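Numbering (the numbering used here), first residue to last: 1377 to 1728.
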């Protein structure tokens, strides 16, 4: 979700998002010389924070998308290097769904060539491709716009196949690309910051039942990714369990983890470790289903383990994002766990 600083200001002060109100509120924000507009876990919840606090905790408080006055010169600063990055960029810059009350977007009839030429300055992936090659890439990688119907219209004097999309204005594209590319480094800096604050970072990985000859290799791959991306201090695994199984019922019989290098035990060992810890715990898991789809059980688990302060869901390989749930968020409102309830599709956590 791409929310500009101007739109966030309007939300903060409960005003309609218009150019006039954005201009008015921007001047008001500038008058608060020691305050910056930021958000912590979700951009729909803007807050004003002192500059000193933002600068001391730069990975806790995140800034909103702003115009790049030097957009044409900024395009070479970062490059989208993976298909995941490119899909995220396309989905944010060319939205298939309506973007209400966001002055950073305009509704336009767009061709595949328009999208292709817009993204070229921000990635080298398509250097050897034509528009046709780009279209074929889109069929395989499925950015959101390809789900919309195509209409034929006259554009630039020729008949063209267009889709009606909500298009991010050009002055925001450079910052969008930078935010995408910097996501993993920022996540890792946030993990380092948590460690400096005294947190222990604990990883957890599991595999579902079934005939899976590569079970150990897949678990090993997940453990390695948790160490590489999130610098986990300890990692626990469940060799065979369902996403819907209660955490306390997992691995009561299967106690063998010796074949997985770099692990510290199974689910029962993890529960015992968290229960006895005198440190604040941040639990990191790859995807929601990698932890549990049992909303009530997650709530009870957090409630019963006071050391468990944060749960981070790593979806970087699929969506280039993580979601952090704090203890207070969960205990104050169980509905924040609703995203765990439904397993939309099977994601290959071992290839993450």
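For every residue, glycine included, the Cβ atom is placed at its ideal position computed from N, Cα and C.
Bear in mind that the values here come from a model prediction, so they are computed numbers and not experimental data.
On the DSSP letters alone, give me the boundaries of the beta strand (DSSP E) that residue i sits inside.
i	result
residue 1413	1411-1415
residue 1546	First-last for residue 1546: undefined, no H or E at that position.
residue 1386	Per DSSP, residue 1386 belongs to no beta strand (DSSP E); it is in the alpha helix (DSSP H), 1381-1388.
residue 1708	Unbroken run through residue 1708 is the alpha helix (DSSP H), 1703-1708; no beta strand (DSSP E).
residue 1662	1656-1662
If residue i sits next to residue j, beta carbons under 8 Å apart, how far is it from one beta carbon to the other, in whole angstroms?
i	j	result
residue 1523	residue 1529	Rounded, the Cβ-Cβ distance is 19 Å, inconsistent with contact.
residue 1553	residue 1465	6 Å
residue 1469	residue 1419	That pair is no contact at about 16 Å.
residue 1706	residue 1698	Their Cβ separation, rounded to whole angstroms, is 16 Å, which puts residue 1706 and residue 1698 out of contact at 8 Å.
residue 1413	residue 1424	6 Å
residue 1614	residue 1605	Actually they are not in contact, since the Cβ atoms of residue 1614 and residue 1605 sit about 20 Å apart, beyond 8 Å.
Under 8 Å Cβ to Cβ from residue i, same chain only, skipping five residues before and after it: list those, please.
i	result
residue 1481	1471, 1475, 1542, 1543, 1544, 1545
residue 1653	1576, 1683
residue 1398	1382, 1383, 1385, 1386, 1479
residue 1416	1423, 1436, 1437, 1438
residue 1702	1417, 1685, 1686
residue 1526	1537, 1538, 1539
Taking 9 Å as the threshold (C-beta atoms), are residue j and residue i in contact?
i	j	result
residue 1655	residue 1574	yes
residue 1536	residue 1506	no
residue 1589	residue 1617	no
residue 1566	residue 1666	no
residue 1636	residue 1595	yes
residue 1517	residue 1462	yes
residue 1620	residue 1562	no
residue 1623	residue 1559	no
residue 1659	residue 1578	yes
residue 1607	residue 1571	yes
residue 1496	residue 1502	yes
residue 1460	residue 1695	yes
residue 1372	residue 1401	Because the chain spans 1377 through 1728 in this model, residue 1372 falls outside it and cannot be assessed.
residue 1485	residue 1540	yes
residue 1433	residue 1569	yes
Considering only residues of the same chain and omitting the five flanking positions on each side of residue i, which have a CB-CB separation below 7 Å?
i	result
residue 1446	In this prediction, residue 1446 has a pLDDT of 48, which is less than 50 and means its spatial position is unreliable; what the coordinates show is noted afterwards. Excluding positions up to five away in sequence, the list is empty.
residue 1638	1599, 1603, 1611
residue 1426	1410, 1411
residue 1511	1488
Residue i: buried (16+ other C-beta within 10 angstroms of its C-beta) or exposed?
i	result
residue 1380	buried
residue 1646	buried
residue 1499	buried
residue 1408	exposed
residue 1601	buried
residue 1643	buried
residue 1557	buried
residue 1519	buried
residue 1713	buried
Looking at the secondary structure, which residues open and close the alpha helix (DSSP H) in which residue i lies?
i	result
residue 1645	1643-1652
residue 1494	1488-1495
residue 1629	Looking at the DSSP string, residue 1629 is not in any alpha helix (DSSP H), and its letter there is neither H nor E.
residue 1407	1395-1407
Is there a Cβ of chain D sitting closer than 9 Å to that of residue i, yes or no?
i	result
residue 1514	The chain inventory of the structure shown lacks chain D, comprising one protein chain alone.
Tell me which same chain residues have a C-beta within less than 6 Å of the C-beta of residue i, skipping the five on either side of it?
i	result
residue 1393	1383, 1386, 1477
residue 1449	In this prediction, residue 1449 has a pLDDT of 45, which is less than 50 and means its spatial position is unreliable; nothing more can be read from the coordinates.
residue 1710	1675
residue 1650	1657, 1681, 1683, 1684
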